[in-house]
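Heads up: the protein sequence lines correspond to chains A and B, in order. Letter by letter, the first sequence follows residues 141 to 524 in the working numbering. Letter by letter, the second sequence follows residues -10 to 415 in the working numbering. Notes to accompany the following structure.
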Amino acid sequence: MYKLTVQLPPFSPDYSGVCSALFELGGLLLIHDASGCTGNYTGYDEPRWYGSDSKVFCTALREIDAVLGNDDKLTEKILEAMEALSPRFVGLMGSPVPTVIGADLQGIATEIESRSGIPAFGFSTTGLQLYDWGISEALLALSRRFVRPDRAKTKGTINLLGATPLDFGTKNFLPHMKGELEARGLEVSACFAMGSSLDDIAESASASVNVVLSAGGYGLARYLFSRFGTPFVVGQPLDGILADDLCLMIDRAERTGESQIPGPASSENGEVLLIGEHVTMHSLARRIVMESGKTVHIGCPFRRIGEISGPGTFDLPSEQSIAESLSRGYGSVFGDPLYRGLMKDGGNYVEIPHVAVSSKLYWNDPSPILGDGLSHLLKGVVLS
Amino acid sequence: MSSRTCRGSSCGVFSDTIRYCSPSHGGWGIVRTAMLVPESCQLFVCPFACGRHGAIGALVQGFKDRLSYLYIDEGDIVSGGYEELIPEAVDELLSRLDPVPRALFVVVSCLDDLLCTDHEAFLRVLRKRHPGVRFSVAHMNPISLDGSVPPAVNIQRKMYGLLERSEMAPIPGSAVFYGNNVALDPEGELFQVLRAAGFDRFGHVSECRDFSAFQGFSRALLNIVPTPIGRLAAEDSRERLGVDFHFMPISYNFDEIEGYYRSLLSRFGKTMDFEPHRTEAERSLLMARDELDGMPVVVDSSATMRPFCLARLLIQSGFNVRTVYAQKCIPLDSPHMEWIMENTPGTEIVQPEHFSAPSRRRGNRPCLAVGFEGAYLSGATYVINLVNDETLYGYHGIAKLAGMISSALKKPADLKALLDDYGIVV
């Protein structure tokens, strides 16, 4: 029964994706729920929460409000807090109960904006969709509203799209990738959305190329291409070899104005299975093919990008489907440590913690698939 | 503002604002509490998002193998037919669990409060198909937090609702505790009081080796309820099982403690001298006060469900209580809150979930926090690792708390590590 999940925890939901993408930008973020959904995000999907002064709050929805649809009361509570907290913007997110009662979050946001003069967004998150949908929606809303169009492009500058702790944690992953690109002479204009301010993002149309780091950033890349003509590339510079490769694509995109999307890295027959975020696994697959010539399958429990999918790239929408894929006798498997429990037989398993899956269980661990560590890992596991 | 100067509600102290959820906010949660029932498992039937915190908490605490999910999606909600999925899911789940649980909680979330699901309909099917398993519907529905039966109270009813009336006679001298998730310290004078009243066999759910031992609670002579959240469950058991109860909620007020003890003893025509216990508690408190040497103290409602009662005791014993962190005040605690407001203008009352709480948060400072939430918000250097009054009761509880103060002062606390160790869940 595909809806039954016995071993895995529920993955990170859409409202966590929105909050994660907007966390560092000075907005007032509100999850319209009773308390549990906010607790999901702050306690289990946000490694930056402890000690943070980011403005993430819960609307404290109660039965009587749900039944009566007390939107005016909610609006007043939000305006009262805004008066004291002076946010740069407001993001209001839905959860399962507002979904059922048909709460008009965009309407409430419009009311707030018209009364306060501060930009406000209503996100139709439901708690029934995954985090990457939320990241995508948040980054799109942010860009539509704040990115200034009248900026000349600067050669050699890039934006990084789709960076949140849900995919990259807060340890070495993102700093390493930025370092690889900067070491090759590129300048990061804005990172959507870790380590950059709202002002950086407002100026981001000056970048000559956008780099899609995760599936959550793909929709934004397409939007920025259609809006500003900024071409994009898809991939992660996990190590020097992939960074060189990515820089070639960036250079080509900059020169031609055309986006450079690498072809599929998976193939019909797979000796190695990778399970996880699509761009991460696609980049890793390319590196495995380069290093070993082995064939790879990519399983996607989350959003899949059609353009980089090929034979051997498939959706994994349930615990049952993940368990079935793990039973196919691959020589090596890469994925979050929690998937490992679904393997019936032993075999090489490389643990790559993914916060959107295993939350705080491993979020203090550095990623093992970066730099020289990746090469050693591949030699030790895939080639052994 | 969230201090006593605010005027947002009928009592003039607490405001209804958007809520802050600090990293130190939370407690046991529904999942962990219901896991106290031995040989039980839980199947959550809910949107997947509702289950994330409970599942990760269960992984941390080591009982994820007893916790499963049936995810419902928009189609199920729109069609209103998700309860039809439950029997099939339970069939498959029970075929995969080894050993098969003796009891299964089907847990629904906030959404269910609005969908008017017919629980009895699917429970009938489940009971027919799996006669060896006790089924119950439980609720993880914080949307009802302000209602008459909030989730923490309701889960106690559901747990003890699994008990079946016994045809056998009550077990002589047996008393069972309801509502406290952690057993009370057996060194406490409460047990002397109970012995004086004729009891010599004590039961707590956490100490049951299996489900059969838990079922033995239906033969108790008396249920003891040392916390308000167990009271409704005890009332249910009085009606269903015929087991009476004695409500004697945790208190940090000497007169209240004595009153509860005298009330219990009078049921059995007994009396006791409490003076030695009271004297020892007072002596311990004064020692702790002297060790603090005027250091500020903050008390919060994550540590105790009677934060105002405890704060008053400390103030009256000469402690420098600066802040009481409480989102609201339960009726039992109201007289103590009023006393503090009237008598100690230097003690502020702060709502930890008020939107201003994070901006009022202070850096590290010499201060003793009784509880995690106050520790986080006040920046206290020293922290007493206490949640929900665990193990404390009576004069002994007060003396033990005083000892915890002395221990806490020995070295600065690593609050983040304490929170991780405890595994709080919202």
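The beta-carbon is built from N, C-alpha and C at its ideal position, and this holds for glycine as well.
For the segment 179 to 208 of chain A, residues whose beta-carbon sits nearer than 7 Å to a beta-carbon of chain B comprise Gly179, Asn180, Thr182, Gly183, Tyr184, Trp189, Tyr190, Asp193, Phe197, Cys198, Thr199, Ala200, Leu201, Arg202, Glu203 and Ala206.
Annotation for Tyr58(B): the continuous beta strand (DSSP E) segment containing it runs Leu56 to Tyr60. Take the alpha-carbon of Trp273(A) and the one of Arg443(A): they are about 8 Å apart. Of the residues assessed, Ala127(B) falls on the buried side of the cut-off, its CB having 16 or more other CB atoms within 10 angstroms.
For the segment 308 to 331 of chain A, no residue has a beta-carbon sitting nearer than 8 Å to a beta-carbon of chain B. Contacts with chain B at 8 Å (Cβ-Cβ) include Thr145(A). Counted as a single uninterrupted DSSP element, the beta strand (DSSP E) harbouring Asp289(B) occupies residues Pro285 to Asp289. Along the segment 505 to 524 of chain A, there is no position whose C-beta sits under 9 Å from a C-beta of chain B. Here Phe94(B) has Ala23, Gln31, Ser125 and Ala127 as same chain residues with Cβ atoms under 6 Å from its own Cβ, once five neighbours each way along the sequence are excluded. With contacts defined by Cβ atoms closer than 8 Å, Gly296(A) and Glu327(A) form a contacting pair.
The C-beta separation of Pro161(B) from Leu211(B) comes to about 11 Å, leaving the pair out of contact by the 8 Å criterion. In this structure Ala270(B) does not touch Ile394(B) by the C-beta definition: roughly 13 Å separates them, more than the 8 Å allowed.
Look at Cys318(B): its C-beta is not under 8 Å from any C-beta on chain A. Taking CB atoms only, Leu100(B) has a neighbour in chain A less than 8 Å away.
Counting only runs of 4+ residues, the alpha helix (DSSP H) found wholly inside the segment 277 to 330 of chain B occupies 296 to 305, in chain order. Contact check for Ile7(B) against Cys177(A) fails: the beta carbons are separated by 8 Å or more. Straight-line spacing of the CA atoms in Ser137(B) and Glu411(A) works out to 58 Å. Under the 8 Å Cβ criterion, the segment 172 to 185 of chain B does not count as touching the segment 396 to 406 of chain B, having fewer than three qualifying pairs. For Arg367(A), the closest C-alpha among the options Arg392(A), Pro289(A) and Leu300(A) is that of Pro289(A). Checking the DSSP bridge columns, you'll see Val373(A) partnered with Val351(A) and Gln400(A).
Under the three-pair Cβ rule at 8 Å, the segment 228 to 247 of chain A does not count as touching the segment 465 to 478 of chain A. The C-alpha of Pro238(B) is placed about 42 Å away from the C-alpha of Ser160(A).
Looking at the DSSP output, Asp455(A) shares a beta bridge with Cys440(A).
Note on Ala224(A): under 16 other CB atoms within 10 angstroms of its CB, so exposed under the neighbour-count rule. Contact between Leu115(B) and Val79(B) holds, with the beta-carbon distance rounding to 6 Å and staying under 8 Å.
When 7 Å is used as the limit between beta carbons, Arg85(B) is near these residues of chain A: Val146, in chain order. Between Ala206(A) and Ser175(A), the gap from beta carbon to beta carbon reaches 8 Å or more. Shown here for Ala330(A): same chain residues with a beta carbon closer than 6 Å to its own, the five before and five after excluded, namely Asn299, Ser336, Asp340, Ile341 and Ser344 in chain order. Interface criterion met: the Cβ of Val415(B) is under 8 Å from a Cβ in chain A.
Residue burial annotation: Pro236(A) is buried, with at least 16 other C-beta atoms found within 10 angstroms of its C-beta.
For the segment 70 to 85 of chain B, the set of positions with a beta-carbon nearer than 8 Å to some beta-carbon of chain A reads Leu74, Glu77, Ala78, Glu81, Leu82 and Arg85 in chain order.
Along the segment 339 to 360 of chain B, going in chain order, the ones with a CB nearer than 9 Å to a CB of chain A are Glu342, Phe344, Ser345, Pro347, Ser348 and Arg350.
In the three-state scheme derived from DSSP, where H, G and I count as helix and E and B as strand, Pro153(A) is classed as strand. In the structure shown, Ala260(A) adopts extended strand secondary structure according to DSSP, grouped into three states. For Thr336(B) and Glu153(B), the gap between their C-alpha atoms comes out near 48 Å. In summary, the residues of the segment 37 to 52 of chain B whose CB is separated from some CB of chain A by less than 9 Å are Phe37, Ala38, Cys39, Gly40, Arg41, His42, Gly43, Ala44, Ile45, Gly46, Ala47, Leu48 and Val49, in the order they occur in the chain.
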